[in-house]
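Engineer: So in the numbering used here, spot 173 of the sequence shown is number 249, and the numbers just go up one at a time.
For every residue, glycine included, the Cβ atom is placed at its ideal position computed from N, Cα and C.
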Amino acid sequence: IIFHQVLSRFLSPSGAALLTFFLVFTPEMFAHASLSLTNLPGAAFVCGGSLFLYLWWKEEKSSHLIISGLMFGLNVWTRSDGIVFSVAAVFIMFLITIRKKMYLPLIFHGLLSVLPFIVWQVYLKIVIHAASIERFRTYLFWDEERFSYMVKTIYLLVTSTNLYGLSFYIFAIALIANIRYLKSNWPLLATILFSFLLYTFMFYQIDPETQDSIQTMMTASYKRGLFYFIPMILFYSGITPLSRKLFAVLDREYNRFVYGESSPS
Numbered sequence: 077i078i079f080h081q082v083l084s085r086f087l088s089p090s091g092a093a094l095l096t097f098f099l100v101f102t103p104e105m106f107a108h109a110s111l112s113l114t115n116l117p118g119a120a121f122v123c124g125g126s127l128f129l130y131l132w133w134k135e136e137k138s139s140h141l142i143i144s145g146l147m148f149g150l151n152v153w154t155r156s157d158g159i160v161f162s163v164a165a166v167f168i169m170f171l172i173t174i175r176k177k178m179y180l181p182l183i184f185h186g187l188l189s190v191l192p193f194i195v196w197q198v199y200l201k202i203v204i205h206a207a208s209i210e211r212f213r214t215y216l217f218w219d220e221e222r223f224s225y226m227v228k229t230i231y232l233l234v235t236s237t238n239l240y241g242l243s244f245y246i247f248a249i250a251l252i253a254n255i256r257y258l259k260s261n262w263p264l265l266a267t268i269l270f271s272f273l274l275y276t277f278m279f280y281q282i283d284p285e286t287q288d289s290i291q292t293m294m295t296a297s298y299k300r301g302l303f304y305f306i307p308m309i310l311f312y313s314g315i316t317p318l319s320r321k322l323f324a325v326l327d328r329e330y331n332r333f334v335y336g337e338s339s340p341s
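Shown next, in the form of structure tokens:
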């Protein structure tokens, strides 16, 4: 509902409906809608957080910023690995606000989106005597075999229409077709790319001694983690300049075909 409502503010009715259709019927996400796992709720929260952050960038309304921060905060409360999206959002907000020298929105959004994660980590440490960081290597390292395996697996995942339908193909086409207009919606694109790098890096740092093997994690957890990105990449694909022009033409031609030369009253 959030996806369609926000997208319809920038894209024609048919375009918003079509991309919402692709989102709802993304095969792997559709299958997980019947399971009581946290991946799909996390994707919904990140969807809301990133879209309302985009609205704030466009309209600078405090209400949009509050909803965005709350959504990102609910995400990290649902899944700790979702912190990468809060970090990416705060970083992009920093790039935006530093130009305008208005740091209060950055601080406010950062607290809403990160504080639940901090509270949970403190609780883990003090009450349960555990920490999420124990699952990862806390030092940088280079493992060519692991890196190559991850790259190959990611390629197989994002190109699988059985898993994610046409979502990543639509995104790739939109990027290539609108390469001259990348600056027009750069905050959302930067959030997507930076989040993807952080999320992938997090899996690279997994310690096989305290966690499952990278092979198991990539074909299970990472595969479900890509749910986070489906709403964002479809939304970005829809708001690109050429997509908006294309669907505006299609809607106009549809009205001519159905109603005649004039649009319906």
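Under three-state DSSP, which class holds Ile-77?
Structural biologist: As a position in the sequence shown, residue 77 is number 1, starting the count at 1. Correct three-state label for Ile-77: coil.
Engineer: Who does Phe-212 pair with in a DSSP beta bridge?
Structural biologist: The sequence position of residue 212 within the sequence shown is 136, counting from 1. Partner(s): Ile-282.
Engineer: In terms of residues, what are the limits of the alpha helix (DSSP H) holding Leu-302?
Structural biologist: Here residue 302 refers to the residue found at position 226 of the sequence shown. First-last for Leu-302: undefined, no H or E at that position.
Engineer: Return the CA-CA distance between Tyr-298 and Phe-128, expressed in angstroms with no decimal places.
Structural biologist: Position 222 of the sequence shown, counting from 1, holds the residue named residue 298. Position 52 of the sequence shown, counting from 1, holds the residue named residue 128. Spanning the two alpha carbons is a distance of roughly 25 Å.
Engineer: When you compare each of Gly-91, Thr-114 and Leu-171 to Thr-267 by their alpha carbons, which one comes out closest?
Structural biologist: Position 191 of the sequence shown, counting from 1, holds the residue named residue 267. For the residues Gly-91, Thr-114 and Leu-171, the minimum Cα distance to Thr-267 belongs to Leu-171.
Engineer: Within 10 angstroms of its Cβ, does His-205 collect 16 or more other Cβ (buried), or is it exposed?
Structural biologist: Taking the first residue of the sequence shown as position 1, residue 205 is located at position 129. Label assigned to His-205: exposed.
Engineer: Which residues bound the alpha helix (DSSP H) around Thr-114?
Structural biologist: Your numbering for residue 114 matches position 38 in the sequence shown. That residue, Thr-114, is in no alpha helix (DSSP H); it is neither H nor E in DSSP.
Engineer: Considering only the alpha carbon of each residue, which of Pro-89, Leu-111, Leu-273 and Phe-98 lies closest to Tyr-310?
Structural biologist: Within the sequence shown, the letter at position 234 stands for residue 310. Correcting the residue type first, residue 310 is Leu in the shown sequence and not Tyr. Cα-wise, what sits closest to Leu-310 is Phe-98.
Engineer: Give me the Cα-Cα distance between Arg-256 and Leu-322, rounded to the nearest whole angstrom.
Structural biologist: Within the sequence shown, the letter at position 180 stands for residue 256. Within the sequence shown, the letter at position 246 stands for residue 322. If I take the Cα positions, the gap works out to 16 Å.
Engineer: Am I right that Ile-159 and Arg-211 are in contact with their C-beta atoms under 8 Å? What's the rounded C-beta distance?
Structural biologist: To locate residue 159, count along the sequence shown from 1; it is residue 83. To locate residue 211, count along the sequence shown from 1; it is residue 135. Not a contact, Cβ separation roughly 13 Å.
Engineer: Answer yes or no: do His-108 and Phe-303 have a C-beta to C-beta separation smaller than 9 Å?
Structural biologist: Position 32 of the sequence shown, counted from the first residue, corresponds to residue 108. Position 227 of the sequence shown, counted from the first residue, corresponds to residue 303. Taking 9 Å as the Cβ cut-off, His-108 and Phe-303 qualify as a contacting pair.
Engineer: Buried or exposed for Ile-77, going by 16 or more other Cβ atoms inside 10 Å?
Structural biologist: For the purposes of this step, residue 77 is taken as residue 1 along the sequence shown, with counting starting at 1. Burial call: exposed.
Engineer: Residues in the same chain with beta-carbon distance under 7 Å from Ser-260, minus the five sequence neighbours each way, listed in chain order, please.
Structural biologist: Locating residue 260 in the sequence shown gives position 184, where the first residue counts as 1. If we look at Ser-260 and ignore the five residues flanking it on each side, its Cβ neighbours are Pro-317.
Engineer: Since I believe Trp-133 is in contact with Pro-263 (beta carbons under 8 Å), could you give me their beta-carbon distance rounded to a whole number of angstroms?
Structural biologist: Against the sequence shown, residue 263 aligns to sequence position 187. Against the sequence shown, residue 133 aligns to sequence position 57. Confirmed, about 5 Å.
Engineer: Measure the alpha-carbon distance for Leu-49 versus Thr-286 and round it to whole angstroms.
Structural biologist: In the structure as shown, the chain starts at 77 and stops at 341, and residue 49 therefore has no counterpart that could be examined.
Engineer: Counting only the same chain and skipping the five closest in sequence on each side, list residues whose C-beta sits under 8 Å from that of Leu-116.
Structural biologist: Here residue 116 corresponds to residue number 40 of the sequence shown, with the count starting at 1. The residues are Met-105, His-108, Ala-109 and Phe-303.
Engineer: Helix, strand or coil for Ala-107, going by three-state DSSP, please let me know.
Structural biologist: What you label residue 107 is simply residue 31 of the sequence shown in a count that begins at 1. Ala-107 falls in the helix class under three-state DSSP.
Engineer: Please list the terminal residues of the continuous alpha helix (DSSP H) segment that includes Gly-91.
Structural biologist: For the purposes of this step, residue 91 is taken as residue 15 along the sequence shown, with counting starting at 1. That run of the alpha helix (DSSP H) goes 89-100.
Engineer: So, at 7 Å on beta carbons, what are the nonlocal neighbours of Ile-194 in its own chain, with the 5 sequence-adjacent residues on each side left out?
Structural biologist: For the purposes of this step, residue 194 is taken as the residue at position 118 of the sequence shown. Counting only Cβ-Cβ distances below 7 Å, and skipping sequence neighbours, we find nothing.
Engineer: Measuring straight from C-alpha to C-alpha, what distance separates Ser-156 and Phe-184?
Structural biologist: Working through the sequence shown from its first residue, we reach residue 156 at position 80. Working through the sequence shown from its first residue, we reach residue 184 at position 108. The alpha-carbon atoms of Ser-156 and Phe-184 are separated by roughly 20 Å.
Engineer: Is Leu-95 near Ile-230, with beta carbons less than 9 Å apart?
Structural biologist: Taking the sequence shown and counting its residues from 1, the one referred to as residue 95 is at position 19. Taking the sequence shown and counting its residues from 1, the one referred to as residue 230 is at position 154. For Leu-95 and Ile-230, no; Cβs fall outside 9 Å.
Engineer: For a test of the three-state rule: what should DSSP assign to Met-178, helix, strand or coil?
Structural biologist: Residue 178 sits at position 102 when you count from the first residue of the sequence shown. Here Met-178 sits in coil by DSSP.
Engineer: Please report how far the alpha carbon of Ser-243 lies from the alpha carbon of Ile-306, in whole angstroms.
Structural biologist: Residue mapping note: residue 243 aligns to position 167 of the sequence shown, counting from 1. Residue mapping note: residue 306 aligns to position 230 of the sequence shown, counting from 1. Ser-243 and Ile-306: Cα-Cα distance of roughly 7 Å.
Engineer: Among residues of its own chain, excluding the 5 on either side of Asn-238, which ones have a beta-carbon nearer than 7 Å to its beta-carbon?
Structural biologist: On the sequence shown, residue 238 is found 162 positions in, with the first residue counted as 1. Apart from the 5 residues on each side of it in sequence, Asn-238 sits with its Cβ closer than 7 Å to the Cβ of Pro-103 in its chain, given in chain order.
Engineer: How long is the line joining the alpha carbons of Gln-197 and Leu-191, rounded to whole angstroms?
Structural biologist: Along the sequence shown, read from residue 1 onward, the residue named residue 197 stands at position 121. Along the sequence shown, read from residue 1 onward, the residue named residue 191 stands at position 115. Cα-Cα distance, rounded: 10 Å.
Engineer: What are the boundary residues of the alpha helix (DSSP H) that Val-325 is part of?
Structural biologist: Here residue 325 refers to the residue found at position 249 of the sequence shown. According to the DSSP assignment, Val-325 belongs to the alpha helix (DSSP H) that extends over 317-335.
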